[in-house]
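Asks: Read in my numbering, the sequence shown has 18 at position 33, and its numbers run on one by one without any break.
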Amino acid sequence: MARTRRKSRERLLALRPQRSRRQGAHDLAPDAALQAIWDVVAMIPAGRVRTYGDVARVAGLPGRARQTGYALRMMPRDLHLPWHRVVGAGGRIVFPGASKEYREQSRRLRGEGIRVRDGRVPSSALME
-14 MARTRRKSRE RLLALRPQRS RRQGAHDLAP DAALQAIWDV VAMIPAGRVR TYGDVARVAG
46 LPGRARQTGY ALRMMPRDLH LPWHRVVGAG GRIVFPGASK EYREQSRRLR GEGIRVRDGR
106 VPSSALME
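Printed below as a string of structure tokens:
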């Protein structure tokens, strides 16, 4: 099973979104959609954040914010993407306040100079 998982990861990492002019964003293969989301997350600079919906829109998948969350959950650890720079609508950290993930995301954002107050980042940190 581990061998199959490794092959799947290698295949996912090798994919790049390929679209022709006639192909719409919703026609992306699931693997290509994940790769497109990972590419967008990789481009978020330190000290800035994007919302799940914004990541999906920039990846060519408008209206699929939940797919961004799925892509981040399925992300291979060896990609080392800045997952902590992705927040919910309005700059809200989506993890429960007492969770390990909430504390880790807050710590990483603060380490990049982003103020986190009451589970939210300032609107000035959001990319447009």
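Glycine included, C-beta positions come from ideal geometry on N, C-alpha and C.
Suppose only complete runs of 4+ residues qualify. What are the alpha helix (DSSP H) ranges in the segment 67 to 102, listed by chain order?
Replies: Listed in chain order, they are 85 to 96.
Asks: Using a Cβ-Cβ cut-off of 6 Å (strictly less than) and excluding sequence neighbours within five positions of VAL25, which residues of its own chain qualify?
Replies: Within the same chain, VAL25 has close Cβ partners VAL40, VAL43, ALA44.
Asks: Any idea what DSSP makes of LEU19, helix, strand or coil?
Replies: Helix at LEU19.
Asks: State the DSSP-derived secondary structure class of VAL40, mapped to helix, strand or coil.
Replies: In this structure, VAL40 counts as helix in the three-state DSSP scheme.
Asks: For ARG77, count the other beta carbons within 10 Å of its own beta carbon; 16 or more makes it buried, fewer makes it exposed. Which is it?
Replies: Exposed, by the Cβ-count rule.
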